[in-house]
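Enquirer: Chains as they are written, first to last, in the working numbering: chain A, 1 to 414; chain B, 1001 to 1414.
Even for Gly, the Cβ is constructed at its ideal location relative to N, Cα and C.
Okay, handing you the structure first.
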């Protein structure tokens, strides 16, 4: 039985999350399948921007650190993230970029483990590039001779030894959408005395995450993908409560001090999650992220996951229906249980096809060397959109629109 | 001869920078002497925020990395800072917070020097606290056993030895407003083989800085003070061209990669100033900062310095005229040649006096243990404001308004 536009429209009409789409500003006629790279604009962000810029900054000026409670933004926003990732209210803080935060938590985990003679950091090949780059920089610069080992994910838990300090993995792979079994990997790592740092950038707000349930140690994640915090939005850090007051992190700035406004000469870390803060937080950026988080405050994550699975299943099925024999290969798991909210295809002409799709009003993205990547943000992607996206893809292939010379030259795409 | 309100109003009427005040939104009736802590809101920031949020993010979505040139923001903004600090167009980039950036440049300088057997970092007591905290965290975490030595500024250049890797100083002191002789200190450090990192947070946009003229090595600075970039605005980094392609910094994220969008497994630093970038930049925050920088593009820095000296001189003179025998001591240099654009006074009741002043509509700030700090942002502070501020201070002291119990309890003030 084939999947019809009629069926997909029926699914939209009974979708319990359908009304969330109205809370986002989306360009007319555009099908946006790139919320895994940059989330859409919540309508409420416009008013919030006006308020924080014109009232809190313009009129309140320096007083707003207290009167508008800017000083507690990092912790308040962190608390709003905790239900999405299965953390306790005081285990998450918002700060800096994912890259900077990864440096902090891996260094913190490493310092704990180096005391036990463990110096090895393990990650997988093809992990999100900036994570790998940060680990490389960290190994070159930090004391104690940390060593970076790269192993296929399937081999990692078997290769953990008494040398292994930390395993660093991205929960949902940025390219394939493959989802690791957080609980099983964490358990096996712990059995061998290793700690695990999870990058939740492609999970948070897309699939339910249960850090506490997995007994997770440390995590970081992104604010501008499914959380819809705006381009380059601040990221977040999770540190399990059992480590609070027991870790050190190298980027020990004044917002992590026990008495930041006493302006003392010597650093003394505050004993809670704020220890992971560094410099003065970006207030306007935080305020925009909070709007995205407040929407999630009303989302049932199980409903979200069900919709996400249905969206991605439907996309895969429709591509098989309409674009068979077009040279596409599914690069994501077919089994939805181990797949995030994205679907990747490979095609030798991947770059040009993605450009032709964008030209036709369907935005996905390309990842070298041959990946077409489509993200399905369940808060604003409709089932009908899936139909239209695949029809457009079929049209691009049938008419060979990708051959247009405008689509041949590779440009920077984030 | 005493300074009269009439004279100050005359100065305002002939001030070549007077019209810049109209470009800022300032609350009616408020005298804002805290632009050294958080700059005022440029009116144009409101439209720019709307544009970047509603058009670039909302409508352009992911495409704006190219179509709105988000990808080049860090370098473009850096270029706009260079005339204010005497740097070449390609020597400055905007990124992260001042604290994070200080970690990067000190680590970069240290790595160069460790190859020569130099491991000591020298700074002064009472340097901006977060700078000291970052240096402490860096010395505890980085390889090569870096050691932090704290010496009174007057002793530093004499104490530089063949062990000394880097001297880290804030150009204009956050508390006293005392300005170091950048050229002389840099020269003496270089003579001994040491490098110097300058924190320009309290200088940039307040006093002309000539990094190239001083043969400066590295610098960082703040975007939210005199540059008026908004609360927690991104900061900047200067690296002298002679070090480009020759340094390493530990926070090696994807925006510092030679081919960020190729998504390669291994880090390879780009050979220019962008190497100091780490994660995805905060686009909205950068866009607001750019508004502040564009105003400076039309400012004559010598005129700005002349006005700044006149404002601070007038303030000191009026305090002497009106508040003699009130227990105040000048905590800033009397000689304007070694003073930034701020004036600090000490008083045993400093905290309560500042609170009473704020209550009366004059915003300065308090720094423990006894400092009343007043910043004079020459773009929007009028000479008349100085008169009104000192009259208000006189009134607070004459009527002992600071004794009000509301002003006794210390709260967080940034």
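Within this structure, are the beta carbons of residue 1416 (chain B) and residue 1368 (chain B) separated by less than 8 Å?
Expert: Shown here, chain B extends from 1001 to 1414; a query on residue 1416 (chain B) therefore has no answer.
Enquirer: Relative to chain A, which residues along the region 1278 to 1309 of chain B have a C-beta separation below 8 Å, given in chain order?
Expert: Against chain A - using a Cβ distance shorter than 8 Å - the residues of the region 1278 to 1309 of chain B are 1278, 1279, 1280, 1281, 1282, 1283, 1284, 1285, 1286 and 1288.
Enquirer: Which residue marks the beginning of the alpha helix (DSSP H) containing residue 1367 (chain B), and which one marks its end?
Expert: On the second chain, position 367 is the one that residue 1367 (chain B) refers to. Looking at the DSSP string, residue 1367 (chain B) is not in any alpha helix (DSSP H); the run it does join, the beta strand (DSSP E), is 1365 to 1367.
Enquirer: Should the region 322 to 331 of chain A be called in touch with the region 99 to 112 of chain A, which here means at least 3 C-beta pairs below 8 Å?
Expert: Flag = no, the region 322 to 331 of chain A and the region 99 to 112 of chain A do not touch.
Enquirer: Please work out which residues of its chain come closer than 7 Å, Cβ to Cβ, to residue 1288 (chain B), disregarding the five sequence neighbours upstream and downstream, and give them in chain order.
Expert: The count along the second chain starts at 1 and reaches residue 1288 (chain B) at position 288. Excluding positions up to five away in sequence, the list reads 1045, 1048, 1049, 1229, 1230 and 1233.
Enquirer: Is it buried or exposed, residue 40 (chain A), if we count other Cβ atoms within 10 angstroms and call 16 or more buried?
Expert: Numbered from its first residue, the first chain carries residue 40 (chain A) at position 40. Buried, by the Cβ-count rule.
Enquirer: Can you say whether residue 1375 (chain B) is buried or exposed, counting buried as having 16 or more other CB atoms within 10 angstroms of its CB?
Expert: Start at 1 with the first residue of the second chain, and residue 1375 (chain B) comes out as number 375. It is buried - the Cβ of residue 1375 (chain B) has at least 16 other Cβ atoms within 10 Å.
Enquirer: Quick one: grab the DSSP three-state call for residue 1022 (chain B).
Expert: Mapped onto the second chain, residue 1022 (chain B) falls at position 22. Here residue 1022 (chain B) sits in helix by DSSP.
Enquirer: As a quick exercise: from A:338, A:242 and A:382, pick the residue whose alpha carbon is nearest that of residue 14 (chain A).
Expert: For this step, residue 14 (chain A) is matched to residue 14 along the first chain. Here the closest residue by C-alpha is A:382.
Enquirer: So residue 1133 (chain B) contacts chain A; which residues on that side make the cut at Cβ distance below 7 Å?
Expert: Start at 1 with the first residue of the second chain, and residue 1133 (chain B) comes out as number 133. The contacting residues are 252, 253, 254, 257 and 267.
Enquirer: What residues are listed by DSSP as bridge partners for residue 1149 (chain B)?
Expert: Indexing the second chain from 1 puts residue 1149 (chain B) at position 149. The partner list for residue 1149 (chain B) (beta bridge, DSSP) reads B:1122.
Enquirer: Quick one: is residue 1413 (chain B) near chain A, going by C-beta distance under 8 Å?
Expert: One-based indexing of the second chain puts residue 1413 (chain B) at position 413. Its pLDDT being 49, under 50, residue 1413 (chain B) is placed unreliably in this model, and the coordinates cannot settle the point.
Enquirer: Show which residues of chain C have a CB atom less than 7 Å away from the CB atom of residue 232 (chain A).
Expert: In summary, chain C is missing from the structure at hand, where the protein chains are A and B.
Enquirer: Can you list the beta strand (DSSP E) stretches of 3 or more residues lying completely in the region 1154 to 1240 of chain B, in chain order?
Expert: Within the region 1154 to 1240 of chain B, the complete beta strand (DSSP E) runs of at least 3 residues are 1164 to 1170, 1195 to 1199, 1218 to 1221 and 1235 to 1239.
Enquirer: Across the region 1291 to 1305 of chain B and the region 1011 to 1026 of chain B, are there enough close Cβ pairs to call them in contact, namely three or more that are closer than 8 Å?
Expert: With the cut-off at 8 Å, the region 1291 to 1305 of chain B and the region 1011 to 1026 of chain B touch.
Enquirer: What ranges does the alpha helix (DSSP H) occupy inside the region 1082 to 1115 of chain B, keeping only unbroken runs of at least 4 residues that lie completely in it?
Expert: Listed in chain order, they are 1098 to 1114.
Enquirer: Tell me the residue span of the alpha helix (DSSP H) that contains residue 1383 (chain B).
Expert: Counting from 1 along the second chain, the entry for residue 1383 (chain B) is found at position 383. Per DSSP, residue 1383 (chain B) belongs to the alpha helix (DSSP H) from 1383 to 1398.
Enquirer: Residue 345 (chain A) to residue 355 (chain A), Cα distance in whole Å?
Expert: Working through the first chain from its first residue, we reach residue 345 (chain A) at position 345. Working through the first chain from its first residue, we reach residue 355 (chain A) at position 355. Each residue's Cα considered, the two are about 15 Å apart.
Enquirer: By how many angstroms is the C-alpha of residue 92 (chain A) removed from the C-alpha of residue 82 (chain A)?
Expert: Sequence index remark: in the first chain, residue 82 (chain A) carries index 82 (1-based). Sequence index remark: in the first chain, residue 92 (chain A) carries index 92 (1-based). Using only the alpha carbons, I get a separation of about 7 Å.
Enquirer: Under 9 Å Cβ-Cβ, which residues of chain B neighbour residue 32 (chain A)?
Expert: Start at 1 with the first residue of the first chain, and residue 32 (chain A) comes out as number 32. Simply 1061 and 1062.
Enquirer: Is the distance from the Cβ of residue 1336 (chain B) to the Cβ of residue 1365 (chain B) below 8 Å?
Expert: For the purposes of this step, residue 1336 (chain B) is identified with residue 336 of the second chain, where counting begins at 1. For the purposes of this step, residue 1365 (chain B) is identified with residue 365 of the second chain, where counting begins at 1. No, Cβ-Cβ distance for residue 1336 (chain B) and residue 1365 (chain B) is not below 8 Å.
Enquirer: What's the C-alpha gap between residue 169 (chain A) and residue 1023 (chain B)?
Expert: Counting from one through the first chain, the residue named residue 169 (chain A) turns up at place 169. Counting from one through the second chain, the residue named residue 1023 (chain B) turns up at place 23. For residue 169 (chain A) and residue 1023 (chain B), the distance between alpha carbons rounds to 49 Å.
Enquirer: Hey, residue 192 (chain A) and residue 164 (chain A): beta-carbon distance below 8 Å or not?
Expert: Residue mapping note: residue 192 (chain A) aligns to position 192 of the first chain, counting from 1. Residue mapping note: residue 164 (chain A) aligns to position 164 of the first chain, counting from 1. Yes, the Cβ-Cβ distance between residue 192 (chain A) and residue 164 (chain A) is below 8 Å.
Enquirer: Which value, in whole angstroms, describes the spacing of the CA atoms of residue 412 (chain A) and residue 1198 (chain B)?
Expert: Residue numbering aside, residue 412 (chain A) sits at position 412 when the first chain is read from its first letter. Residue numbering aside, residue 1198 (chain B) sits at position 198 when the second chain is read from its first letter. For residue 412 (chain A), the predicted structure reports a pLDDT of 48, less than 50, and the residue's modelled location is therefore unreliable. A value from the coordinates is still provided. About 34 Å.
Enquirer: Around the Cβ of residue 1246 (chain B), are there at least 16 other Cβ atoms within 10 angstroms (buried) or fewer (exposed)?
Expert: Residue 1246 (chain B) sits at position 246 when you count from the first residue of the second chain. Result: exposed.
Enquirer: Check the Cβ-Cβ distances between residue 1362 (chain B) and every residue of chain A, and say whether any is below 8 Å.
Expert: Counting from 1 along the second chain, the entry for residue 1362 (chain B) is found at position 362. No, residue 1362 (chain B) does not count as interfacial toward chain A.
Enquirer: Could you tell me which chain B residues have their CB closer than 9 Å to the CB of residue 276 (chain A), listed as they occur along the chain?
Expert: Locating residue 276 (chain A) in the first chain gives position 276, counting from the first residue. Simply none; closest approach about 12 Å.
Enquirer: Is it buried or exposed for residue 1157 (chain B), if we count other Cβ within 10 angstroms and need 16 for buried?
Expert: Walking along the second chain from the start, residue 1157 (chain B) turns up at place 157. Buried, since its Cβ has 16 or more Cβ neighbours within 10 Å.
Enquirer: Which one or two residues does DSSP pair with residue 42 (chain A) in a beta bridge?
Expert: By one-based count along the first chain, residue 42 (chain A) stands at place 42. A:24.
Enquirer: For chain B, is any of its Cβ atoms less than 8 Å away from the one on residue 164 (chain A)?
Expert: Translated into the one-based positions of the first chain, residue 164 (chain A) becomes position 164. Not one chain B Cβ lies under 8 Å of residue 164 (chain A).
Enquirer: Run through chain A and tell me which residues come within less than 9 Å of residue 1125 (chain B), C-beta to C-beta.
Expert: Numbered from its first residue, the second chain carries residue 1125 (chain B) at position 125. Chain A residues near residue 1125 (chain B): 265.
Enquirer: For residue 1057 (chain B), which residues in chain A fall below 7 Å Cβ to Cβ?
Expert: Stepping through the second chain from its first residue, residue 1057 (chain B) is reached at position 57. Correct list: 41, 230 and 231.
Enquirer: So which residues of chain B does residue 143 (chain A) contact, with C-beta pairs closer than 7 Å?
Expert: Here residue 143 (chain A) is taken as the residue at index 143 of the first chain, counted from 1. The answer, in chain order, is 1141, 1142 and 1143.
Enquirer: Check residue 1032 (chain B) in the structure and name its three-state DSSP category.
Expert: Here residue 1032 (chain B) corresponds to residue number 32 of the second chain, with the count starting at 1. Correct three-state label for residue 1032 (chain B): strand.
Enquirer: How big is the Cα-Cα spacing for residue 1150 (chain B) and residue 1064 (chain B)?
Expert: Sequence index remark: in the second chain, residue 1150 (chain B) carries index 150 (1-based). Sequence index remark: in the second chain, residue 1064 (chain B) carries index 64 (1-based). Residue 1150 (chain B) and residue 1064 (chain B): Cα-Cα distance of roughly 47 Å.
Enquirer: Inspect the beta-carbon positions of residue 182 (chain A) and residue 340 (chain A) and report whether they are closer than 8 Å.
Expert: Here residue 182 (chain A) refers to the residue found at position 182 when the first chain is read from its first residue. Here residue 340 (chain A) refers to the residue found at position 340 when the first chain is read from its first residue. Not in contact: residue 182 (chain A) and residue 340 (chain A) (Cβ atoms no closer than 8 Å).
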